[in-house]
Amino acid sequence: MDTVLSTMFYFWVSLFIVFLLIQRGLWIFSDVAKGTVSFMLEKAIGPGADLVEGRVGSGARSWIMQGTLWLILGSMFTFMSMWLSHDPDALHSLASWGYSANTHELSSAGVYATLYGSVSMLIIGSSFHIIPKLSGTELASETNANLVSFVWTLSVLIMVIGSQNNLILDLEIIPIGVALNTVALLAVIMNHLLTVANRTKNLALPGWLILIALLSNPVLSIVSIASGAVNDNVGQWMTYHLFGGTFFFLGVAGVALYSSSIVSGNPLWSKTLVGVTLFGSIFTINPFGDINGQMVIDVFGPLAESNVVSFTNEDMLSASFLMALVSIPILAFSSNMLVTMRGSDMFVDDPNSSGNAELNLGSWLIIPIAIGSLFIQTDAVSGTNELTGISNSLSMMSGWLVLVPLSLGAALSLYPELVGRHLLSQTRARWGFWMMAGGAMFGISITMIADFMDMALAELLIEDPSALSEELRKVGSVMFYGVVIGSILHSLNMVSGMFRGDLISKKSVTSSSISVESYSLVSPTTVRRILASGADLDTEVIPTGENDEKGSATKL
Amino acid sequence: MSINTTDSVEGFLQGEKEPSGSWIFIALGVSISLSFLLLYSILYPGQDLPVISDLVPVFSGVFDSGIWFFILGTMIGVFAILGRLLLEATSE
Numbered sequence: 100m101d102t103v104l105s106t107m108f109y110f111w112v113s114l115f116i117v118f119l120l121i122q123r124g125l126w127i128f129s130d131v132a133k134g135t136v137s138f139m140l141e142k143a144i145g146p147g148a149d150l151v152e153g154r155v156g157s158g159a160r161s162w163i164m165q166g167t168l169w170l171i172l173g174s175m176f177t178f179m180s181m182w183l184s185h186d187p188d189a190l191h192s193l194a195s196w197g198y199s200a201n202t203h204e205l206s207s208a209g210v211y212a213t214l215y216g217s218v219s220m221l222i223i224g225s226s227f228h229i230i231p232k233l234s235g236t237e238l239a240s241e242t243n244a245n246l247v248s249f250v251w252t253l254s255v256l257i258m259v260i261g262s263q264n265n266l267i268l269d270l271e272i273i274p275i276g277v278a279l280n281t282v283a284l285l286a287v288i289m290n291h292l293l294t295v296a297n298r299t300k301n302l303a304l305p306g307w308l309i310l311i312a313l314l315s316n317p318v319l320s321i322v323s324i325a326s327g328a329v330n331d332n333v334g335q336w337m338t339y340h341l342f343g344g345t346f347f348f349l350g351v352a353g354v355a356l357y358s359s360s361i362v363s364g365n366p367l368w369s370k371t372l373v374g375v376t377l378f379g380s381i382f383t384i385n386p387f388g389d390i391n392g393q394m395v396i397d398v399f400g401p402l403a404e405s406n407v408v409s410f411t412n413e414d415m416l417s418a419s420f421l422m423a424l425v426s427i428p429i430l431a432f433s434s435n436m437l438v439t440m441r442g443s444d445m446f447v448d449d450p451n452s453s454g455n456a457e458l459n460l461g462s463w464l465i466i467p468i469a470i471g472s473l474f475i476q477t478d479a480v481s482g483t484n485e486l487t488g489i490s491n492s493l494s495m496m497s498g499w500l501v502l503v504p505l506s507l508g509a510a511l512s513l514y515p516e517l518v519g520r521h522l523l524s525q526t527r528a529r530w531g532f533w534m535m536a537g538g539a540m541f542g543i544s545i546t547m548i549a550d551f552m553d554m555a556l557a558e559l560l561i562e563d564p565s566a567l568s569e570e571l572r573k574v575g576s577v578m579f580y581g582v583v584i585g586s587i588l589h590s591l592n593m594v595s596g597m598f599r600g601d602l603i604s605k606k607s608v609t610s611s612s613i614s615v616e617s618y619s620l621v622s623p624t625t626v627r628r629i630l631a632s633g634a635d636l637d638t639e640v641i642p643t644g645e646n647d648e649k650g651s652a653t654k655l
Numbered sequence: 057m058s059i060n061t062t063d064s065v066e067g068f069l070q071g072e073k074e075p076s077g078s079w080i081f082i083a084l085g086v087s088i089s090l091s092f093l094l095l096y097s098i099l100y101p102g103q104d105l106p107v108i109s110d111l112v113p114v115f116s117g118v119f120d121s122g123i124w125f126f127i128l129g130t131m132i133g134v135f136a137i138l139g140r141l142l143l144e145a146t147s148e
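Chains A and B are the protein sequences, given in the same order. When the first sequence is numbered by the working numbering, its final residue is 655 and no position is left out of the sequence of numbers. When the second sequence is numbered by the working numbering, its final residue is 148 and no position is left out of the sequence of numbers.
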């Protein structure tokens, strides 16, 4: 059996066993396991538990706030890497401090800060709110969730430092950060499993998406090491894409699908499509991201050998086939999101619909970016390598125009319920959205045009770089700075909203965006709220009388 | 524009609420200024845009690239968030 199919087979079997164990429990050991995990989450951390608060929602809040702050660093590193691609000596003055910046290392720091720092923290933060809600219980340990967020942040910081200088005192830094990250992730998973074990109702499908996403991370690591995939060039590529398709895509899909219902007030459109998203993501290869497995080599450190990617015919056939199938889960996810949010044209003006714009953006753009990524990966897998020049730009697009908007949109939509207040300013939220969306879309697109120009020049064997291409890269990087400003605006809005945002009213949370024929007016309200509930100009508003007279028993 | 709440000083009126369309003019202004910046290199070929070390000679050899405008801007933003956090936490 070839590397692609064998790695995927072991991964599927392992995930199936884990799923069965969650569903059926550990037989007579279930109660012992619950007690042990509960002890490990609360008592075993000793005085560390006193450092943080354990109020309901504090864990999710802590993860989401730190995830948003990582967004600033992630976008800043990416911006600097784009700038240095046309002006390599821009930061030469930092050499006097012993730091020599280059575009490749800064790009790598941007990837770690964005994916591990921001997207992962926003997914996990949202999951700490979503899983208990869907389980009909409270989170097993808020204190542990809160404390572990700081361990995760520390691990990302180590990875970012490692991306600049991976060898300090003869120690590889990135694997140390990854090891610490895995410890934090295991604590998160234990917390979720204990919460699900105490559930009072069946877990809805978005909850399963999130759980499988979190579990896939350690399962895939073990499978890759055990099967030897981390040492094989194709195995490294596979591990990278399986990781992106399960941990990141499934995680983002889970929180986004839940939030689409929250922001629109509509029920999630199709359970079948959520199921297709879940199984499709596990059984296919997600094409988002790099065309090589370099990140896997960095992450696994001494366990992985550096190899040049070279596919055999069998591997090429299996990989191309499984990548082509990814259109099924992606279309299922996108259509489910967009139909669930139908009619919700409130955008970001309505305080009850924070995150709506980001969720819409990610749901629309995931399809064209997935198709583009499919072309790039197929080109790389087949060894043609004609589109390698634009792979980096497209990889950035999948991060900044799909994963970040969807995870940030989900976090913003849950923010009022977590904090008890709305964002400080909807105008600032609107600005933040436009700056981030416009900056990422125009900045990366213009950079991609420059990539195309360089590819054309290289094909014509012209060695001198084009002046116009350099100018375009300059404009692209300046445009991308909008993402940095947008991140700062969002962070500032969320931090200020925690203290001075308008208090949420319980009535306003559950209005549907589907068009209604009649609207019962029971108390004075605004036209905006009536429209937000799905009413249009033809909707009949029916005043329902109320009086304060004392009632009497109903005659049967 | 909402003018239900206004400041009035001897006949001078100023609405307190911001009209929703005003941002269009700000965005237009930013776009035009960016276009002029792009024109700069065409109008003055060979001359780069001024950087911080050109404006403040004491930073000569340090802030001698345009990227520092952006890095300083980000630092102001980050410090604004930290300042807001400290201010809000200690205001009670």
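For glycine and all other residues, C-beta sits at the position ideal for the given N, C-alpha and C.
Exposure label - residue i; buried when at least 16 CB within 10 Å
i: A/Lys606; result: With a pLDDT of only 49 at A/Lys606, under 50, the local geometry of the prediction cannot be trusted, and the value read off the model is given with reservation. By the neighbour-count rule (16 or more Cβ atoms within 10 Å), A/Lys606 is not buried but exposed.
i: A/Pro412; result: The question names Pro, but residue 412 of chain A in the sequence shown is Asn. That one is exposed.
i: A/Gly519; result: exposed
i: A/Glu457; result: buried
i: B/Gln70; result: exposed
i: B/Met131; result: exposed
i: B/Phe135; result: exposed
i: A/Gly235; result: exposed
i: A/Pro110; result: Contrary to the premise, residue 110 of chain A reads as Phe rather than Pro in this sequence. A/Phe110 is buried by the Cβ-count criterion.
i: A/Trp162; result: buried
For residue j and residue i, the rounded distance between their alpha carbons
i: A/Gly327; j: B/Ser87; result: 53 Å
i: A/Ala510; j: A/Leu168; result: 13 Å
i: A/Val608; j: A/Ile361; result: Legend: pLDDT at A/Val608 = 46, less than 50; position of this residue unreliable, no value from coordinates given.
i: A/Leu293; j: A/Leu314; result: 14 Å
i: A/Ile561; j: A/Asn491; result: 22 Å
i: A/Ser259; j: A/Ser358; result: The sequence given here has Val at residue 259 of chain A, not Ser. Each residue's Cα considered, the two are about 30 Å apart.
i: A/Phe432; j: A/Val626; result: 33 Å
i: A/Phe342; j: A/Gly350; result: 11 Å
i: A/Ile267; j: A/Ser405; result: 19 Å
i: A/Lys300; j: A/Leu437; result: 27 Å
i: B/Arg140; j: A/Leu473; result: 44 Å
i: B/Glu74; j: A/Phe347; result: 40 Å
i: A/Asp389; j: A/Ile489; result: 10 Å
i: A/Trp499; j: A/Leu214; result: 10 Å
i: B/Ser89; j: B/Ile82; result: 11 Å
i: A/Trp533; j: A/Ser544; result: 16 Å
i: A/Ser254; j: A/Tyr211; result: 10 Å
i: A/Ser320; j: A/Leu104; result: 16 Å
i: A/Leu559; j: A/Leu256; result: 43 Å
i: A/Ala189; j: A/Asn484; result: 31 Å
Residue i vs residue j beta-carbon contact at 8 Å
i: A/Gly531; j: A/Gly461; result: no
i: A/Leu517; j: A/His228; result: yes
i: B/Val118; j: A/Ser192; result: yes
i: A/Thr102; j: A/Asp397; result: no
i: A/Ile475; j: A/Leu486; result: yes
i: A/Val318; j: A/Leu120; result: no
i: A/Phe176; j: A/Phe579; result: no
i: A/Ile222; j: A/Val295; result: no
i: A/Ser453; j: A/Pro515; result: yes
i: A/Leu140; j: A/Ser240; result: yes
i: A/Val329; j: A/Ala283; result: no
i: A/Glu271; j: A/Gly153; result: no
i: A/Trp336; j: A/Val408; result: yes
i: A/Asn245; j: A/Gly156; result: no
Contact test: residue i Cβ vs the ligand ATP heavy atom, cutoff 7 Å
i: A/Phe598; result: Of the ligands one can find in the structure shown there are none, so the ligand ATP has no counterpart to examine.
Cβ separation of residue i and residue j, assumed to be a contact under 8 Å, to the nearest whole Å
i: A/Phe382; j: A/Gly482; result: Actually they do not touch by this definition, with Cβ atoms about 25 Å apart.
i: B/Ile108; j: B/Phe92; result: Not quite, the Cβ-Cβ distance comes to about 20 Å (not below 8 Å), so this is no contact.
i: B/Leu105; j: B/Gly122; result: 6 Å
Q) Taking three-plus beta-carbon pairs below 8 Å as touching, is the segment 535-552 of chain A in contact with the segment 487-500 of chain A? A) Three or more beta-carbon pairs drawn from the segment 535-552 of chain A and the segment 487-500 of chain A are found closer than 8 Å, and the two stretches are therefore classed as touching.
**Q.** Any 3 or more C-beta pairs closer than 8 Å across the segment 178-190 of chain A and the segment 129-148 of chain A
**A.** No, the segment 178-190 of chain A is not in contact with the segment 129-148 of chain A.
Q: Would you be able to state if there are at least three C-beta pairs under 8 Å between the segment 222-240 of chain A and the segment 308-328 of chain A?
A: Taking a cut-off of 8 Å on C-beta distances, the segment 308-328 of chain A touches the segment 222-240 of chain A, as three or more cross pairs fall below it.
Q.
With three or more C-beta pairs closer than 8 Å as the rule, is the segment 413-431 of chain A touching the segment 521-531 of chain A?
A. Put simply, the segment 521-531 of chain A does not touch the segment 413-431 of chain A. Fewer than three CB pairs are less than 8 Å apart.
**Q.** Touch test, the segment 197-212 of chain A against the segment 254-269 of chain A, Cβ-Cβ under 8 Å, three pairs minimum
**A.** These segments touch.
Q) Does the pairing of the segment 337-356 of chain A with the segment 143-163 of chain A give three or more beta-carbon distances under 8 Å? A) In the pairwise beta carbon analysis, the segment 337-356 of chain A is classified as not touching the segment 143-163 of chain A: fewer than three pairs are separated by under 8 Å.
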